[in-house]
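For the record, the sequence lines run as chains A and B. Number 7 in this note's numbering belongs to position 7 of the first sequence; there are no gaps in the numbering. Number 81 in this note's numbering belongs to position 81 of the second sequence; there are no gaps in the numbering.
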Amino acid sequence: MSQHISLREAEQKVFASAFADGLWDIMIGCVFLMFAVAPFLSRSLGDFWSSAVFVPFWALAYLATWVIRKYVVRPRVGVVRFGPWRKARLTRFSIAMLAVFTIAFVLGIFSALRFGTVPAWVHTASFSLIVLSTFSLTATFLRFTWLYIYGALIALSPLVGEWLYLHSSAPHHGYPVTFGVSTGVPLFVGLAKLIHLVHSHPISNHESHPEEAAGG
Amino acid sequence: MAENHIDETLRALVDIDQVIHAPARLTVLTYLYVVESADFRFLKNVTGLTWGNLSSHVSKLEEAGYVAVEKEFRGKKPHTMLHLTDEGRAAFRAYKQSMQQVLDDLPD
């Protein structure tokens, strides 16, 4: 036997395979797409509504991923329920995320209350730091390395955008360009994963399915 | 007498659970050991077995009392989930332990 068999690795493989459909990548892209599109809407809708309009868009995106998972992905990859080890790990992950979001919420309130007195770069840096922390925590806990890349891309977007704005007067602080690129990557990767999954896991009626025979 | 001595030395090898020892069944059991439950399609994808192979190995594991098959309904469609029984979990642990013991004692 040349290869070490690890039960932990087998479990991780099973867990990762449940997220290989690309739907989470698409959802991440949809969430941060707001920052690329909202600046164009702010002139007609105002600052608040140009962002608020994305809440129903996110709800629709979530509903679409749910429908795709149920009717396209599950019939192809099957169903798995994870064991107590993974459930405990996900609980620890939820607690860590709750802590990050609480800090982000407090920082958000503080920033809103003293908006005029705090320099703009502090808001930008705080946003980048929170995004980077959230993605890094998720990547570490779930051992999904590609989330480090998404986190870095999205965290860099406002910083690069501000730099573009200062040095080349890019419109809307450069956000449509930088967030367009950083959300385009997960959207493209997600779609590619989904198309690959659909092609590599066809539902064939010719195969004899054992479910009818199993268990009487 | 010498033969008895050899048998006794390799007792752990002789005692290895043959139901688990087949590579395909060992793969199925390994995946079921690390999750709570999974359906046939998921196991087929992760193990790379054909429907026929998977079905026959699952039947053997079910006969041995290591795997339980549960029918549930998703909407109006029947759906079959598989999980390790307590006996199956204990047998897998015992198998792992005895294999470790046998392999650890082998000279390099």
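Virtual Cβ for every residue (Gly too), placed ideally from N, Cα, C.
Endpoints, the beta strand (DSSP E) within which residue i is located
i, result
"B/ASP39", "35-39"
"A/PHE82", "80-82"
DSSP bridge partner residues for residue i (one or two, in chain order)
i, result
"B/ALA68", "B/HIS83"
"B/LYS60", "B/LYS60 is not bridged to any residue."
"A/PHE93", "Beta-bridge pairing links A/PHE93 to no other residue."
"B/LYS77", "B/ARG74"
Limits of the unbroken alpha helix (DSSP H) element including residue i
i, result
"A/VAL122", "120-142"
"A/ALA32", "This sequence places Phe at residue 32 of chain A; Ala is not what is there. Element bounds for A/PHE32: 23-52."
"A/VAL160", "146-168"
"A/PRO186", "175-200"
"B/VAL19", "18-21"
"A/LYS70", "First-last for A/LYS70: undefined, no H or E at that position."
"A/PHE19", "Note, A/PHE19: premise wrong, no alpha helix (DSSP H); not H, not E."
"A/ARG114", "Looking at the DSSP string, A/ARG114 is not in any alpha helix (DSSP H), and its letter there is neither H nor E."
"A/PRO171", "First-last for A/PRO171: undefined, no H or E at that position."
Whole-angstrom C-beta distance between residue j and residue i, which should lie under 8 angstroms
i, j, result
"A/SER111", "A/SER128", "About 13 angstroms separates the two Cβ atoms, so there is no contact after all."
"B/THR47", "A/ALA10", "About 11 angstroms; that fails the 8 angstroms criterion."
"B/ILE16", "B/SER98", "6 angstroms"
Residue i Cβ short of 7 angstroms to the ligand PLP heavy atom set
i, result
"B/LYS71", "Absence of the ligand PLP from the depicted structure is noted, as is the absence of any ligand whatsoever, leaving it without description."
Residue i at chain E interface by Cβ criterion, 8 angstroms
i, result
"A/VAL14", "No chain E is present in this structure, whose protein chains are A and B."
Discussion item. Across the region 168-181 of chain A and the region 151-159 of chain A, are there enough close Cβ pairs to call them in contact, namely three or more that are closer than 8 angstroms?
Written reply: Of all C-beta pairs linking the region 168-181 of chain A to the region 151-159 of chain A, three or more are shorter than 8 angstroms, placing the two stretches in contact.
Worksheet item: Do the region 14-23 of chain A and the region 182-199 of chain A meet, that is, are 3 or more Cβ pairs less than 8 angstroms apart?
Response: Result yes; three or more Cβ-Cβ pairs closer than 8 angstroms.
Worksheet entry | Residues from the region 27-38 of chain B in contact with chain A, defined by Cβ distance under 8 angstroms | Those residues of the region 27-38 of chain B that come within reach of chain A (Cβ to Cβ, closer than 8 angstroms) are THR30, TYR31, TYR33, VAL34, VAL35, GLU36, SER37, ALA38.
Worksheet item: Hey, is the region 75-92 of chain A in contact with the region 49-63 of chain B, meaning 3+ C-beta pairs nearer than 8 angstroms?
Response: No: fewer than three Cβ pairs fall under 8 angstroms.
Item to complete: Scan the region 69-84 of chain A for residues whose Cβ lies nearer than 7 angstroms to a Cβ of chain B and list them as they occur along the chain.
Response: Using a CB distance below 7 angstroms, the part of the region 69-84 of chain A facing chain B consists of VAL77, GLY78, VAL79, VAL80, ARG81, PHE82, GLY83, ordered along the chain.
Worksheet item: Would you call the region 100-108 of chain A and the region 31-49 of chain A touching, i.e. three or more CB-CB distances under 8 angstroms?
Response: Contact check between the region 100-108 of chain A and the region 31-49 of chain A: fewer than three CB pairs, one atom from each, fall below 8 angstroms, which does not count as touching.
Practice prompt. Anything in the region 41-52 of chain B with a Cβ closer than 9 angstroms to a Cβ of chain A? List those residues in chain order, please.
Written response: Flagged, chain order: ARG41, PHE42, LEU43, LYS44, ASN45, VAL46, THR50, TRP51, GLY52.
Worksheet entry | Three or more C-beta pairs below 8 angstroms linking the region 55-71 of chain B and the region 79-92 of chain B | Yes, they touch.
Practice prompt. Evaluate the contact criterion for the region 116-124 of chain A versus the region 90-97 of chain A: three or more CB pairs, one atom per stretch, below 8 angstroms.
Written response: No, the region 116-124 of chain A is not in contact with the region 90-97 of chain A.
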